[in-house]
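Asker:
In UniProt numbering, the protein residues as written are 1 to 442.
#1: Determine, using beta carbons only, whether residue 145 and residue 123 come nearer to each other than 8 Å.
#2: CA-CA distance, residue 60 and residue 229?
#3: Assuming residue 393 and residue 344 make a contact with CB atoms under 8 Å, what is their CB distance in whole Å?
#4: State whether the region 363-377 contacts the region 398-405, with contact taken as three or more CB pairs (one from each stretch) at a distance under 8 Å.
#5: I want to see whether chain B comes within less than 8 Å of residue 113, judged by CB atoms only; does it?
#6: Taking only three categories from DSSP, how would you classify residue 153?
#7: Could you please give the first and the last residue of the uninterrupted beta strand (DSSP E) stretch that includes residue 371?
#8: Could you tell me the distance, in whole angstroms, from the CA atom of residue 4 to the CA atom of residue 137?
#9: Taking just the CA atoms, how far does residue 326 sit from residue 339?
#10: Could you tell me the boundaries of the alpha helix (DSSP H) in which residue 343 lies?
#11: Nearest by alpha-carbon distance to residue 20: which of 97, 78, 88, 45 is it?
#12: When we look at the beta-carbon of residue 1 and count the other beta-carbons within 10 Å, is it buried (16 or more) or exposed?
#13: To the nearest angstrom, how far is it from the Cα of residue 50 to the Cα of residue 126?
#14: Express the C-alpha separation of residue 349 and residue 321 in angstroms, rounding to a whole number.
#15: Quick one: which unbroken beta strand (DSSP E) runs of 3-plus residues sit fully inside the region 263-333? Chain order, please.
#16: In this structure, does DSSP put residue 41 in helix, strand or coil?
#17: Measure the beta-carbon distance from residue 149 to residue 102 and round it to whole angstroms, keeping in mind my assumption that it falls under 8 Å.
#18: Classify residue 253 as helix, strand or coil using the three-state DSSP reduction.
#19: Closest by CA to residue 361, which one among 334, 260, 389?
#20: Return the Cβ separation of residue 412 and residue 319 in integer angstroms, given the expectation that the two are a contact with Cβ distance under 8 Å.
#21: Taking C-beta to C-beta, are residue 86 and residue 94 nearer than 8 Å?
#22: With a CB to CB cut of under 7 Å and the five nearest residues on each side skipped, what residues in its chain are close to residue 131?
#23: My guess is that residue 62 and residue 108 are in contact by the Cβ rule of under 8 Å, so how many angstroms apart are they, rounded?
#24: Measure the beta-carbon distance from residue 253 to residue 274 and round it to whole angstroms, keeping in mind my assumption that it falls under 8 Å.
#25: I'd like to confirm the pairing. Which residues does DSSP put opposite residue 185 in its beta bridges?
#26: I'd like the span of the beta strand (DSSP E) that includes residue 398, first residue to last.
#27: Measuring alpha carbon to alpha carbon, tell me which of 346, 280, 268, 312 ends up nearest residue 419.
#28: Leaving out the 5 sequence neighbours to the left and right, which residues in its chain are closer than 6 Å to residue 427 when beta-carbon positions are compared?
#29: Decide if residue 353 is buried, meaning its Cβ has at least 16 other Cβ atoms within 10 Å, or exposed.
#30: Looking only at C-alpha atoms, which of 288, 191, 209, 190 sits nearest to residue 199?
#31: If you scan the region 23-80 from start to end, which runs of the alpha helix (DSSP H) of 4 or more residues do you find wholly inside it?
#32: Since residue 45 and residue 33 are thought to touch, with beta carbons under 8 Å apart, how far apart are those beta carbons, to the nearest angstrom?
#33: Flag this pair as yes or no: are the beta carbons of residue 302 and residue 386 separated by less than 8 Å?
#34: Apply the 10 Å Cβ neighbour rule to residue 135 and answer buried if 16 or more other Cβ atoms are within range, or exposed otherwise.
#35: By Cβ distance, which residues of its chain are closer than 7 Å to residue 406, with the 5 residues on each side in sequence left out?
#36: Measure the alpha-carbon distance for residue 408 versus residue 314 and round it to whole angstroms.
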């Protein structure tokens with residue numbers, strides 16, 4: 001229903017013709033009932049019915065053709081209507097027909113075809129009155145017939161000019177939108193695409209030409225929930241970011257802003273591919289919270305997770321790991337070997353933590369110092385993880401200088417209720433340094 005209303009609003013002249021056809025159909029039905037109630041012979045009644053329905057069929061043909069029937073058909077219509085008017089002898093049963101037939105003709109034809117028909121109806125009326133004295137002639141009705149027909153014709157001319165202006169404006173708008181460097185999509189309320197400029201078709205993965213529909217778009221919102229572009233247009237909400245999956249399987253992050261043109265008419269969708277921007281933002285976020293060498297979370301991210309763990313009622317454990325004599329590796333084998341050793345240690349610490357608890361977070365604090373956070377863990381899980389971390393150093397690490405053996409000291413601290421994260425880190429640091437002499441002595 002919405003698309004039909006939108007279509008009629010875009011073509012007001014057609015809407016007016018439809019209104020006249022419906023009114024003419026109702027008036028024709030009323031006239032047939034009135035004729036059926038008159039005291040006429042069966043042949044006269046059937047003839048009258050046939051002529052009245054034939055006149056309605058002619059108007060229907062004009063509605064379909066959007067132009068009047070040939071002028072000789074008008075002459076046949078008038079010639080057939082004259083004996084019917086004489087037989088019926090009640091102009092009140094036919095007067096509504098004359099008005100609406102002329103009104104409809106005024107909506108599809110110019111003055112050259114409207115005025116002759118109006119003159120023909122008046123001539124038939126007057127001629128029937130001369131042949132049948134019971135038929136009355138109403139001069140006021142004759143004047144009204146001509147005046148109203150002219151008014152409808154004037155309205156038709158006005159609507160034609162408005163439609164021409166609308167077409168010109170639409171053509172200008174489409175020409176401008178097609179040249180926009182950014183994607184623009186214009187859709188009707190039913191989801192049909194009225195315009196998609198080349199930038200939009202390229203972004204959406206549509207062919208340069210051909211029909212398209214908003215329904216065919218594969219859009220998802222946060223969490224993978226499907227997003228209907230038509231719903232965004234109806235809601236008229238602020239810009240929303242969605243994930244677009246094209247027909248070829250490629251994806252993009254797209255910012256969509258819906259601008260309703262007019263209620264029931266359609267919506268303009270401005271599209272912006274923000275995939276590169278999101279990748280850049282993610283890279284900045286990763287750089288801010290991860291260690292460039294090892295890829296592990298850095299001190300800033302560790303502190304965020306520590307604060308979150310401290311806010312929970314359950315305890316948590318922090319383990320600090322420091323490599324023994326790492327400077328000797330750099331001095332003896334070079335900084336590249338030292339970097340390779342740090343990367344290998346980082347990966348083993350991360351894997352050992354995750355193997356014990358998927359919530360474990362391994363981080364590089366700087367230099368040769370690492371930390372592992374174990375949320376929601378007490379003393380026993382922390383000691384098991386410490387043993388697993390010490391075991392990471394049992395096997396040599398592959399480096400650019402060959403396989404190197406490394407040793408690390410592990411300090412464990414379990415947070416007490418209400419203890420600040422700084423204090424927990426200090427306890428773990430003290431435990432790590434207490435462990436160093438024992439590791440070196442061994």
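Glycine residues also receive a C-beta, built at the ideal position from the N, C-alpha and C atoms.
Computed from a predicted structure; not experimentally measured.
Answerer: On the basis of the supplied data:
#1: no
#2: 39 Å
#3: About 10 Å separates the two Cβ atoms, so there is no contact after all.
#4: no
#5: Although the question refers to chain B, the structure presented lacks it and comprises just one protein chain.
#6: helix
#7: 369-375
#8: Unreliable positioning characterises residue 4 in this predicted model, as indicated by a pLDDT of 46, which lies under 50. A coordinate reading is not provided.
#9: 10 Å
#10: 335-356
#11: 97
#12: At residue 1 the pLDDT is 44, less than 50, meaning the model places this residue with poor confidence and gives no usable figure here.
#13: 22 Å
#14: 9 Å
#15: 266-273, 316-323
#16: coil
#17: 5 Å
#18: strand
#19: 389
#20: 5 Å
#21: no
#22: 86
#23: 5 Å
#24: 5 Å
#25: 196, 269
#26: 397-399
#27: 312
#28: 413
#29: buried
#30: 209
#31: 42-65
#32: Between residue 33 and residue 45 the Cβ distance is about 12 Å, and since that is not below 8 Å, they are no contact.
#33: no
#34: buried
#35: 323, 341, 345, 393, 397
#36: 29 Å
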